[in-house]
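A short worksheet on the structure shown next.
Numbering (our numbering), first residue to last: 557 to 671.
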């Protein structure tokens, strides 16, 4: 719970990956930072939830962010020790087509090309 008479150097609105990254960087520079999030859990593209079927996980906001796992900045934070885990499904995404089929992107370029 924030102080009743807060004094902050920076206010970050939203606790998605970008907001959290900004807050960490500001804090590393010695600023007193508060992060405000409208939802009861961390925000934006950090959320993964079971939305349709049990055990079937969905990205709630961002989808398929391939550069995140390889980000030098994020990797420097050691977030795995706090429970950060990247999920790499065999089929990261698909898009339904008008004729009833779907464009499916597999993790394998060969499987994607084969359709």
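Ideal Cβ positions, reconstructed from N, Cα and C, are used throughout, including at glycine.
Legend entry - CA-to-CA distance, residue 670 to residue 659, given in whole angstroms: 11 Å
Legend entry - Among 575, 631, 567 and 634, the one whose alpha carbon lies nearest that of residue 675: For the chain, the structure presents residues 557 to 671; residue 675 sits outside this window and is missing.
Inset, instruction - Please classify residue 596: is it buried, with 16 or more other beta-carbons within 10 angstroms of its beta-carbon, or exposed? - result: exposed
Legend entry - Opening and closing residue of the beta strand (DSSP E) in which residue 652 lies: Here the beta strand (DSSP E) through residue 652 covers 649-652.
Legend entry - Beta carbon of residue 593 nearer than 8 Å to that of residue 599: A contact, by the Cβ cut-off of 8 Å.
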